[in-house]
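**Student:** Could you have a look at this structure, given as structure tokens, before my questions?
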Amino acid sequence: MARVVVVGGGFAGLSAAARLAKLHHDVTLLDAADRLGGGLHGIEIDGARWPLHPELVTLPGVFRDLFRKSGRPMDRTLGLEPAPGRRHVFADGEVLDLPMGRRADQHDAVTAAFGQDDWSTWVDGQDQVWEVLRRHSLDVVLTGPDAFDRDARRVLRPRRPVGKLAARDLADARLAKVILDPIRLDGLDRRSTPGFLAVSHYVERTFGRWRFEGGWPGLAAALEQRLVERKVTVETGQHVHRVVLDGPDGGVTAVETADGRWPADVVVWCNRTVPDGLDAPRDMPVVPASRTFLELAEDPPELAVETLVHANPPIRVHSSGDRRWTLAHRSGENVLVALARFGLDLRELVVVRHDLKPIDLVPLGHEGWTWTGWSSMFDRPGVGPARGVYHAGSHAHPGPRLEQIGMATAAVAAHIGAAPR
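Per our numbering, the sequence shown runs over residues 1201 to 1621.
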């Protein structure tokens, strides 16, 4: 039985702690906040809650596996239901409601909107990319560049940026925007971000999109209860400022807080900050998009649960229920004026409005890292774990999406393995 200290109480920390406790390790979770869940709770302003991101996931098997391998199956703990697709609104007035989960449904939707379907064939071609990424860097802990042999690199075409992929593979500029505008909204550069990241469209089409009963706070509550069931020691209000690496061969022996040392044979770092004792990544963190939080007098019919408006720059609008909407955008223009130009005029419906700039959002969580070519992948925290220190979370490989984090904690738990009995 190893003494495992998990630092951070967001989704990464909750899922890592639950998995490792089920593997019979002695697990302690330390979190600086006064409640667990981190970004799963969104943001609360004047007693009202808004999510920072659409509270939707793909790869439902990741979450079912998490619950199954930490206790009772998910269907006995937390509801998970299919979610609607994504609406795309273009400058020419065309609207594409793109469903998820079935190729035939996407084919019909694209054909109805554009008269022909160049999209489905392109998505089909991403299947091998997904298999390579999954086998070599998602289902297992990524060790470094050696994880990808010549055949894998031939499939990934890692030096091709996503901007070139979209321009060459999709003649319809609107379909190219379906690929490029989410990249831009996420704060990434199409010229240096590898094209294989577009595999997300294959994943969504194949596995669908899903939402939890109670949203992401419902997921947080279910995992917090799972820690109770697994007898994980949870200490909130504990800011870890140092990882102590003074064991044999420089291995981890403890973490330090203001209250003293917590002994550890293994540390799983799930916090966005980098403490003393660990090397900081060389890449730049993503600057988050601005957010506008709205409460409307009524939900307008022209908005789906998630709508991507292909303005310049693009705007994402998503609902949290109760007539509350979150707008993510990167323009200095009044975002409601920009939406009105696309036929989405919400100005007369606004009851409450809050605007947060990137500087306001940085303390709320990590949005991942920028790319300077595909080799940036190997500079991420979580790649090539050493000295008993692992990373998982939005700051780590493979990325900040919930399903990516879930795959990372599964890989970490498998790499650590079960305690001898």
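For glycine and all other residues, C-beta sits at the position ideal for the given N, C-alpha and C.
Note that the coordinates shown come from a computational prediction; the quantities given were computed from them, not determined experimentally.
In whole angstroms, what separates the C-alpha of H1307 from that of A1366?
**Tutor:** 19 Å
**Student:** Taking only the alpha-carbon atoms, compute the straight-line gap between M1484 and G1568 and give it to the nearest angstrom.
**Tutor:** 9 Å
**Student:** Quick one: what does DSSP say W1571 is sitting in, helix, strand or coil?
**Tutor:** coil
**Student:** Who are the Cβ neighbours of D1476 in its own chain at under 7 Å, not counting the five residues just before and after it?
**Tutor:** H1441 and R1442
**Student:** Under the rule that 16 or more other beta-carbon atoms within 10 Å means buried, what is T1321, buried or exposed?
**Tutor:** exposed
**Student:** What do you reckon, are the CB atoms on A1216 and R1430 nearer than 8 Å?
**Tutor:** no
**Student:** Taking the runs of the beta strand (DSSP E) that are 3 residues or longer, which of them lie wholly in the region 1422-1492?
**Tutor:** Secondary structure in the region 1422-1492: the beta strand (DSSP E) runs of 3 residues or longer, each lying completely within the stretch, are 1433-1436, 1442-1444, 1454-1457, 1460-1463 and 1466-1469 in chain order.
**Student:** Just to confirm my understanding: we take Q1328, look at its own chain, exclude 5 residues before and 5 after, and list those with CB closer than 7 Å. What are they?
**Tutor:** V1355
**Student:** Between G1362 and G1447, what straight-line distance do the alpha-carbon atoms span, to the nearest angstrom?
**Tutor:** The sequence shown places Val at residue 1362, not Gly. Each residue's Cα considered, the two are about 43 Å apart.
**Student:** What did DSSP end up calling T1393 once you bin it into helix, strand or coil?
**Tutor:** When DSSP states are grouped into helix, strand and coil, T1393 belongs to the coil group.
**Student:** Would you kindly report the start and end of the unbroken alpha helix (DSSP H) that includes E1603?
**Tutor:** L1602 to I1616
**Student:** Rounded to the nearest angstrom, what separates A1283 and L1549 at their Cα positions?
**Tutor:** 25 Å
**Student:** Hey, would you say V1205 sits closer than 8 Å to T1228, going by beta carbons?
**Tutor:** yes
**Student:** Below 8 Å on the Cβ atoms is my guess for P1299 versus F1578; work out the distance and round it to an integer in Å.
**Tutor:** At roughly 36 Å, the Cβ-Cβ gap does not stay under 8 Å, so P1299 and F1578 are not in contact.
**Student:** So what does Y1590 bridge to, in DSSP terms?
**Tutor:** V1468
**Student:** Mind checking which residues open and close the beta strand (DSSP E) that includes D1349?
**Tutor:** No beta strand (DSSP E) contains D1349, which DSSP labels as neither H nor E.
**Student:** Mark N1512 as exposed unless 16 or more other C-beta atoms lie within 10 angstroms of its C-beta, in which case mark it buried.
**Tutor:** exposed
**Student:** For A1347, which residues in the same chain have their Cβ closer than 7 Å to its Cβ, ignoring the five residues on either side in sequence?
**Tutor:** H1336 and S1337
**Student:** Determine whether the beta carbon atoms of L1278 and G1418 lie at a separation below 8 Å.
**Tutor:** Yes, these two residues count as a Cβ contact at 8 Å.
**Student:** Which residues mark the beginning and the end of the beta strand (DSSP E) in which S1520 is found?
**Tutor:** Boundaries of the beta strand (DSSP E) around S1520: I1515 to G1521.
**Student:** What are the boundary residues of the alpha helix (DSSP H) that includes R1384?
**Tutor:** A1373 to L1385
**Student:** What number of angstroms, rounded off, separates the C-alpha of A1611 from the C-alpha of D1339?
**Tutor:** 6 Å
**Student:** Taking 7 Å as the limit between beta carbons, can you name the residues of its chain near L1423, skipping five residues before and five after?
**Tutor:** Contacts found: L1214, S1215 and A1218.
**Student:** Starting from L1214, follow the alpha helix (DSSP H) in both directions and report where the run begins and ends.
**Tutor:** F1211 to K1222
**Student:** Report the residue from Q1438, P1585 and G1543 whose alpha carbon sits nearest the alpha carbon of V1290.
**Tutor:** Position check: residue 1290 holds Phe in this sequence, whereas Val was assumed. Of the listed residues, the one whose Cα sits closest to F1290 is G1543.
**Student:** Comparing alpha-carbon positions, which option in L1556, A1398 and R1523 lies nearest I1632?
**Tutor:** Only positions 1201 to 1621 of the chain appear in this structure, which leaves residue 1632 out of reach.
**Student:** Need the endpoints of the alpha helix (DSSP H) that F1407 sits in, please.
**Tutor:** S1400 to F1407
**Student:** Thinking C-alpha only, which one of V1474, L1527 and E1502 is nearest G1593?
**Tutor:** V1474
**Student:** Which residue marks the beginning of the alpha helix (DSSP H) containing D1369, and which one marks its end?
**Tutor:** Judged by DSSP secondary structure, D1369 falls within the alpha helix (DSSP H) whose first and last residues are V1362 to D1369.
**Student:** State yes or no: is the C-beta of W1319 within less than 8 Å of the C-beta of V1332?
**Tutor:** no
**Student:** Taking all protein chains shown into account, do 16 or more other C-beta atoms lie within 10 angstroms of the C-beta of R1516, making it buried, or fewer, making it exposed?
**Tutor:** With at least 16 other beta carbons inside 10 angstroms of its own, R1516 counts as buried.
**Student:** Identify which residue in A1586, S1392 and Q1604 has its Cα closest to the Cα of H1615.
**Tutor:** A1586
**Student:** Look up R1303 in the DSSP assignment and say whether it is helix, strand or coil.
**Tutor:** helix
**Student:** Return the residue from the list L1380, D1265, Q1316 and H1224 that minimises the CA-CA distance to H1510.
**Tutor:** L1380
**Student:** Compute the Euclidean distance between the alpha carbons of M1607 and P1600, then round it to the nearest angstrom.
**Tutor:** 11 Å
**Student:** Note down, in chain order, each residue of its chain lying with its Cβ closer than 6 Å to the Cβ of E1506, except the 5 sequence neighbours on either side.
**Tutor:** P1254, R1286 and H1518
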